[in-house]
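Asker: Here's a structure for you.
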Amino acid sequence: MGAAAVELRGFRIWKDYLDTSGQAAVVDALRPVLKAAPLFRPVTPRGQAMSVRMTSAGDLGWVTDRKGYRYEPQHPSGVDWPGIPEAVLAIWHGVTGLDRQPDSCLINYYGQDARMSLHQDKDEEDYSWPVVSVSLGDDGLFRIGNTTRGGKTESIWLNSGDVVVMGGEARLTYHGIDRIRFGSSRLLPKGGRINLTMRVAG
Ligand code: SIN
Ligand code: FE2
């Protein structure tokens, strides 16, 4: 576990929070989740297919389709989202110190050409709870903007095992992933990057 977090625009970034075996344990814990609730390619409300594939764990999962961005209690297949694995919840408690558990964990998978444009996480009911992001696998170039659209941005490479806490004044700061360095990590057998974001959604 890394000793301390660095701060960038109000985001607390824990480099190497998980060591190699900790990362492997989380990936193992995610396998049954991905089996029960397979990754799917969501469509934006405007009808554009996203380049990331996603699924969720927890009581609620974030989805998007023609009907809009929202949280739903079930995977598009109609099954309940699986529970959030203990190994993932432990990260939330470790970096936030909160007793309250997240009720949602979005699982994003970035293949070779996937990216995520700048956005705010704002479909949750109460922004006083932080969002905690966990990076696994290939490096991702994380861009951080401002609490309103536009303005100067700063970027940082997130590596496997890094954890970011987006909370406080920075809870509604714009962020995104410009690109990944496909093949930079050996954690995932088929390459690519997994990002988990835990939220208190409802
Ligand atoms: C997200 O904001 O949903 C994902 C961020 C990341 O992939 O690091
Ligand atoms: Fe986000």
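The working numbering puts the sequence shown at residues 17 to 218. C-beta: ideal position from N, C-alpha, C; glycine also.
Under 8 Å, with one C-beta from each stretch per pair, do the region 77 to 91 and the region 144 to 160 reach the 3-pair mark?
Answerer: Segments in contact, no.
Asker: For Ala40, is the classification buried or exposed, using 16 other Cβ atoms within 10 angstroms of its Cβ as the cut-off for buried?
Answerer: So Ala40 ends up on the exposed side.
Asker: In terms of residues, what are the limits of the alpha helix (DSSP H) holding Ile210?
Answerer: Unbroken run through Ile210 is the beta strand (DSSP E), 209 to 215; no alpha helix (DSSP H).
Asker: Helix, strand or coil for Leu76? Go by DSSP, reduced to three states.
Answerer: Of the three classes helix, strand and coil, the one that applies to Leu76 here is coil, per DSSP.
Asker: Tell me the DSSP secondary structure of Ile107 in three-state form.
Answerer: Ile107: helix per DSSP, three-state reduction.
Asker: With DSSP as the reference, please indicate the residues paired to Tyr126 in a beta bridge.
Answerer: The partner list for Tyr126 (beta bridge, DSSP) reads Arg209.
Asker: Keeping to the same chain, check which residues put their C-beta closer than 7 Å to that of Ala52; ignore five residues upstream and five downstream.
Answerer: So the qualifying residues of the chain are Val95, Pro98.
Asker: Whose C-beta lies closer than 7 Å to the C-beta of Gly167 among residues of the same chain, with five residues either side of it excluded?
Answerer: Correct list, in chain order: Gly161.
Asker: Would you say Arg13 and Tyr125 are within 8 Å of each other, going by their C-beta atoms?
Answerer: There is simply no residue 13 to check, as the chain begins at 17 and stops at 218 in what is shown.
Asker: Which residue from Cys121, Ile210, Arg215, Asp32 puts its Cα closest to that of Met132?
Answerer: The residue with the shortest Cα to Cα distance from Met132 is Ile210.
Asker: Who are the near neighbours of Leu134 in its chain, counting only those whose CB is closer than 7 Å to its CB and skipping five residues on each side?
Answerer: For Leu134, where only same-chain residues beyond five positions count, the Cβ hits under 7 Å are Arg159, Gly161, Tyr190, His191, Gly192.
Asker: Give the straight-line distance between the Cα atoms of Val22 and Tyr33, rounded to the nearest whole angstrom.
Answerer: Each residue's Cα considered, the two are about 12 Å apart.
Asker: Considering just the uninterrupted stretch of the alpha helix (DSSP H) at Val42, what are its terminal residues?
Answerer: First-last of the alpha helix (DSSP H) with Val42: 36 to 52.
Asker: State the CB to CB distance for the pair Ser72 and Ser120, rounded to an integer number of angstroms; the pair is presumed to be in contact (CB under 8 Å).
Answerer: Going by Cβ atoms, the distance from Ser72 to Ser120 rounds to 6 Å, so yes, they are a contact pair.
Asker: Name the two residues that bound the continuous beta strand (DSSP E) containing Glu88.
Answerer: That run of the beta strand (DSSP E) goes 84 to 88.
Asker: Any idea what DSSP makes of Ala186, helix, strand or coil?
Answerer: Note: Ala186 maps to helix in three-state DSSP.
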